[in-house]
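J.: Chains as they are written, first to last, in the UniProt record's numbering: chain A, 1 to 480; chain B, 1 to 480.
There are 2 protein chains.
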Amino acid sequence: MTLYSQLADRLREHIKLGFFKSGDKLPSVRQLANEHGVSISTVQEAYRTLEMEQLVEARPKSGYFVPETSHVISMPKLSRPPQRPLDVSLWEDVLNMLLSREKEAFCQLQHAMPDMQSKTLKPLLKSLYELNKNRPHEGMVYGDVRGDYSLREQLTRLTAASGCILHPNDIVITSGCQEALSVCLKAVTKGGDIIAVESPGFYGAMQAIKAADLKALEIPTDPSNGMSIEALQLALDQWPIKAILVTPTVNNPLGYVMPEEKKKALYQLAQEYDIAIIEDDIYGDMVYEFPRPKSIKAYDEDGRVLLCSSFSKTLAPGFRVGWIAPGRYRNNVTHIKYVSSSMCPTLPQIAIANFIRQGGYDKHIRVMRKHYKEARDKMLNGIKTYFPSDTLVSYPEGGFVLWVELPERYDAVKLSEKAQEHGVHVAPGQLFSATGKYRNCLRLNYCDRTPEIRLEALKILGNILLNMNTLETKQQKKRA
Amino acid sequence: MTLYSQLADRLREHIKLGFFKSGDKLPSVRQLANEHGVSISTVQEAYRTLEMEQLVEARPKSGYFVPETSHVISMPKLSRPPQRPLDVSLWEDVLNMLLSREKEAFCQLQHAMPDMQSKTLKPLLKSLYELNKNRPHEGMVYGDVRGDYSLREQLTRLTAASGCILHPNDIVITSGCQEALSVCLKAVTKGGDIIAVESPGFYGAMQAIKAADLKALEIPTDPSNGMSIEALQLALDQWPIKAILVTPTVNNPLGYVMPEEKKKALYQLAQEYDIAIIEDDIYGDMVYEFPRPKSIKAYDEDGRVLLCSSFSKTLAPGFRVGWIAPGRYRNNVTHIKYVSSSMCPTLPQIAIANFIRQGGYDKHIRVMRKHYKEARDKMLNGIKTYFPSDTLVSYPEGGFVLWVELPERYDAVKLSEKAQEHGVHVAPGQLFSATGKYRNCLRLNYCDRTPEIRLEALKILGNILLNMNTLETKQQKKRA
Ligand SMILES: Cc1ncc(COP(=O)(O)O)c(C=O)c1O
Ligand SMILES: Cc1ncc(COP(=O)(O)O)c(C=O)c1O
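1) Could you check whether the Cβ of residue 221 (chain A) sits closer than 6 Å to any heavy atom belonging to ligand 2?
2) Beta-carbon separation of residue 189 (chain A) and residue 79 (chain A) under 7 Å?
3) Note down, in chain order, each residue of its chain lying with its Cβ closer than 7 Å to the Cβ of residue 68 (chain B), except the 5 sequence neighbours on either side.
4) For a minimum of 4 consecutive residues, which ranges assigned as the alpha helix (DSSP H) are wholly contained in the stretch 318–361 of chain A?
5) What number of angstroms, rounded off, separates the C-alpha of residue 184 (chain A) from the C-alpha of residue 152 (chain A)?
6) What's the gap between the Cα of residue 245 (chain A) and the Cα of residue 186 (chain A)?
7) Along the chain, which unbroken stretches of the beta strand (DSSP E) at least 3 residues long are found entirely within the stretch 35–85 of chain B?
8) Within a Cβ cutoff of 8 Å, which residues of the same chain sit near residue 149 (chain A), ignoring the five residues on either side of it in sequence?
9) Only counting the same chain, and skipping five residues up and downstream in sequence, which positions put a Cβ closer than 7 Å to that of residue 410 (chain B)?
10) Jot down the residue ranges of each uninterrupted alpha helix (DSSP H) in the stretch 175–225 of chain A, minimum 4 residues, whole runs only, in chain order.
11) Is residue 173 (chain A) closer than 7 Å to residue 195 (chain A) when the C-beta atoms are compared?
12) Please confirm if residue 179 (chain B) has its CB atom under 7 Å from at least one CB of chain A.
13) Quick check: is the beta carbon of residue 113 (chain B) nearer than 7 Å to any beta carbon in chain C?
14) Taking residue 105 (chain A) as the reference, give the member of A:433, A:420, A:138 and A:446 with the closest Cα.
15) What residues in the stretch 441–469 of chain B bring their beta carbon closer than 7 Å to a beta carbon of chain A?
16) State the Cα-Cα distance for the pair residue 242 (chain A) and residue 275 (chain A), rounded to the nearest angstrom.
17) Give the interface partners of residue 335 (chain A) over in chain B, defined as CB-CB distance under 9 Å, in chain order.
18) Can you tell me whether DSSP reads residue 398 (chain B) as helix, strand or coil?
19) Which residues in chain B have a C-beta closer than 8 Å to the C-beta of residue 316 (chain A)? List them in chain order.
20) Does the Cβ of residue 445 (chain B) have 16 or more other Cβ atoms within 10 Å, making it buried, or fewer, making it exposed?
21) How far does the beta strand (DSSP E) with residue 276 (chain A) in it extend, from its first residue to its last?
22) State the Cα-Cα distance for the pair residue 451 (chain B) and residue 55 (chain B), rounded to the nearest angstrom.
23) Suppose you measure from the CA of residue 329 (chain B) to the CA of residue 58 (chain B); what does that come to, to the nearest Å?
24) Compare the C-alpha of residue 350 (chain B) against each of B:132, B:458, B:38 and B:308 and name the closest.
25) Would the beta-carbon of residue 177 (chain A) be found less than 6 Å away from any heavy atom of ligand 1?
26) Is the beta carbon of residue 309 (chain B) sitting closer than 7 Å to the one on residue 175 (chain B)?
27) Starting from the Cα of residue 247 (chain B), find the closest Cα among B:66, B:281 and B:232 and give me that residue.
28) Please name the residues in the stretch 346–358 of chain A whose beta-carbon is closer than 9 Å to at least one beta-carbon of chain B, in chain order.
29) If residue 254 (chain B) and residue 229 (chain B) are in contact, beta carbons under 8 Å, what's the gap, nearest whole angstrom?
30) From which residue to which residue does the alpha helix (DSSP H) around residue 127 (chain B) run?
31) Can you check the stretch 253–316 of chain A for any beta strand (DSSP E) of at least 3 residues that lies completely inside it and give the ranges in chain order?
32) With distances taken between CB atoms, is the gap from residue 343 (chain B) to residue 116 (chain A) smaller than 7 Å?
33) Please name the residues in the UniProt domain "HTH gntR-type" (1–69) of chain A whose beta-carbon is closer than 9 Å to at least one beta-carbon of chain B, in chain order.
34) Compare the C-beta of residue 320 (chain A) against all C-beta atoms of chain B and say whether one is closer than 7 Å.
35) By the 10 Å Cβ neighbour count, where 16 or more other Cβ atoms means buried, how is residue 215 (chain B) classified, buried or exposed?
36) With 7 Å as the threshold, decide whether the Cβ of residue 124 (chain A) is near any Cβ in chain B.
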């Protein structure tokens with residue numbers, strides 16, 4: 001563990017234990033540096049971490065304070081997955097969750113489907129039905145296997161915002177980001193190869209690794225800034241890793257944004273070991289901060305980064321429009337995309353291209369970013385209110401999902417089953433691991449239904465947890 | 001070679017050499033049986049073969065005649081591909097053809113895209129546009145990964161017509177038949193495995209074999225009735241084949257329908273060697289005969305047949321709606337479909353389900369079958385008129401493509417290049433082989449533009465062939 005995170009841990013504990021209370025001034029940077037025998041910049045980094053968790057607040061010229069209304073929930077610690085390549089399991093559990101969607105449910109916190117009620121989406125829907133009405137022929141023929149040119153043109157504009165300079169022919173359209181990930185995995189590996197992934201990580205990527213007959217090596221991941229570079233380097237020294245698959249800008253399930261310096265370091269490691277990076281940027285445009293951070297692809301000098309994304313989190317997943325900027329793997333990626341599903345339906349592509357060109361996309365994501373940020377704060381408050389006090393929660397910097405780490409005595413699978421009986425659905429944490437770690441964790445969205453209903457759902461979850469706890473204590477007493 | 005095909009060959013030669021002329025009565029069945037020392041049924045089978053080639057005509061109660069207007073083009077012979085598993089090549093050529101589509105071209109005979117002008121498609125397009133207008137939300141959310149239930153229900157009806165008894169949950173919707181084939185290949189193989197395929201065979205399937213890291217073993221294929229069962233058995237004895245991939249009902253590119261007995265024999269072989277059959281039925285509903293022949297899946301007792309199809313040839317390829325009936329491989333197929341591209345867009349599925357339910361589908365394919373049959377006869381006439389007299393042509397029993405085997409002195413790749421300069425596109429035969437055989441062959445559709453334009457295109461092709469021939473003769477003279 002780095003010095004600054006040790007220090008951050010200690011400060012966090014002190015705040016949580018009540019040594020410092022809401023509104024209190026915290027020790028100065030210099031004071032702490034002396035006390036702990038560390039550098040000024042280490043203390044600054046520690047404070048920055050706590051600031052991100054909203055545990056401290058910087059006031060210009062006066063130093064750091066405990067905020068008046070701090071949400072006071074700690075982040076989970078750096079993950080510690082087993083450091084060897086493993087086969088991915090748990091498909092049955094993923095499928096069960098995928099099929100668990102019900103119209104009648106009270107609140108479905110298990111999926112990662114954006115809120116699509118905003119009227120800023122209207123022009124897109126209008127354009128789509130008008131295309132279907134007036135230009136049906138274009139929707140009927142085989143189109144370009146690389147995707148509609150007008151959309152690829154607009155994508156060069158969107159990706160420019162994350163620092164990428166691309167030509168439309170550097171882009172291949174896919175059936176969502178899921179196909180993008182699967183195609184890229186196949187483009188850079190052979191059966192049996194090892195892929196380094198975040199831990200926890202997106203289950204769709206884990207299952208794609210399984211289906212491509214690859215092994216996943218889960219790298220320790222810091223819930224506030226991503227995959228540990230040190231741990232990654234150790235793994236690269238020890239194993240013949242073929243590619244690194246990361247979701248560095250608004251991670252799913254943790255929500256962090258990997259800092260720019262760390263992105264660069266990760267890219268340099270990939271260069272040093274001459275391997276590919278598959279960068280999943282699906283939530284990249286949904287970061288709350290503006291302008292959005294650069295992608296790793298922005299630093300790509302030699303075409304080793306395969307950037308994958310889709311409109312599933314920004315617009316609507318049902319359109320199934322994603323893309324790959326495959327760098328030097330373009331020929332291979334085009335081939336695999338062709339055999340995977342041939343071309344993608346054309347009209348949604350044209351409609352989305354028009355929507356971007358006419359400014360509708362920028363406007364929509366501006367509105368949604370604000371909307372989700374507010375929703376996040378309410379969600380964190382709800383968790384603080386209703387969940388056990390030693391619950392840890394990630395602090396998303398974008399998107400609409402967060403990660404909850406319950407105290408180890410809780411089983412999230414059992415929680416999930418019980419909650420379903422009350423019409424509340426959650427995603428058990430084990431799906432986000434190759435091998436069923438994180439049994440005490442869960443991912444929750446904060447986009448289904450309304451904030452009020454979500455709060456109500458959290459209350460239901462909290463009550464179940466309370467009962468599970470009591471039940472266990474009773475059983476323990478009985479046994480004793 | 002079987003007795004009946006030897007006899008058919010001899011009769012064919014006699015007709016072609018002019019021993020029997022248009023309108024002539026042919027020897028009676030009994031007479032021929034005596035002459036050649038074969039059974040009555042052998043002679044009948046020989047005549048049946050020639051009848052299918054339209055070289056003879058049965059007149060009730062009077063025997064067999066040379067038709068007044070026989071197209072008098074022979075079928076190509078049984079193919080003779082190298083009998084060992086090979087890596088698939090030629091991706092660059094496939095890609096070039098895929099990207100060669102041009103709005104301005106005079107006639108595009110290279111693709112296999114149905115004629116979509118028929119007004120019987122109107123209700124489908126209307127329904128699609130109305131769904132987009134009135135129920136956009138269903139088009140935006142993540143749907144069932146197995147596909148829309150209403151469509152799967154209707155598919156149990158369609159597949160019943162080919163003899164299959166399925167439940168909606170026995171079906172998985174895919175992004176076209178291409179995804180269906182890719183998913184099935186992965187569901188039943190591991191890298192390095194061998195797949196038995198027809199020769200010639202559909203290039204999309206060949207390329208899927210390449211992408212899945214498999215080897216193709218091309219089995220000798222009879223242009224009038226499909227993969228040779230004898231050759232298949234020999235191959236099964238010699239190689240550890242994992243699956244047989246066939247398009248037995250209206251083959252692409254040859255157009256034959258494998259007879260029922262042969263389908264049964266193929267299934268029994270698969271049982272005997274305990275391997276899977278991937279059955280591509282994409283043109284199955286486009287057979288000219290009514291009711292349509294059974295699929296191999298109809299004989300499937302133990303779930304080893306994975307039936308693949310789509311609406312790309314019956315309705316429109318741009319919808320990208322296909323499906324798999326995966327039999328005993330359902331769990332694996334669902335997993336691979338999920339990682340391959342997650343769910344498919346919902347609204348086209350609902351629109352197609354409605355179209356089937358309301359009878360629009362049956363009506364449309366009735367109209368199209370008649371339409372294509374007429375187009376085939378005109379096309380065969382055109383080839384007879386404009387192509388070298390020793391050209392061989394397949395005799396499609398459905399669909400809208402046929403296979404031309406030019407005399408060996410012609411190079412179809414050169415023909416294709418020259419023809420493109422005149423705005424005429426063709427599919428060079430080598431794409432339909434794992435390794436570039438069939439350089440003197442081509443596949444032509446008879447659905448692009450109008451019959452008149454297609455005839456004109458054939459004339460252009462014929463002229464190029466004439467010039468190629470003269471040029472070659474001149475060069476030969478020069479060399480001599
Ligand atoms: C990180 C991540 N990558 C990829 C995907 C798949 O996206 P799509 O629906 O566009 O296939 C998801 C969807 O949940 C995701 O969260
Ligand atoms: C025999 C065969 N199988 C599969 C396909 C792929 O069909 P789809 O466009 O539905 O993916 C084709 C298309 O040309 C085909 O001819």
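C-beta: ideal position from N, C-alpha, C; glycine also.
T.: On the basis of the supplied data:
1) no
2) no
3) 22 and 23
4) 330–341 and 346–357
5) 18 Å
6) 12 Å
7) 57–59 and 63–65
8) 168
9) 440, 465 and 468
10) 176–188 and 203–211
11) no
12) yes
13) Reference to chain C is not applicable here, since the protein chains of this structure are A and B.
14) A:420
15) none
16) 6 Å
17) 91, 94, 95, 207, 210 and 211
18) strand
19) 139, 140 and 141
20) buried
21) 276–280
22) 23 Å
23) 46 Å
24) B:132
25) yes
26) no
27) B:281
28) 346, 347 and 348
29) In fact, because the Cβ distance is near 16 Å, the residues do not count as touching under 8 Å.
30) 122–134
31) 276–280 and 305–310
32) no
33) none
34) yes
35) buried
36) no
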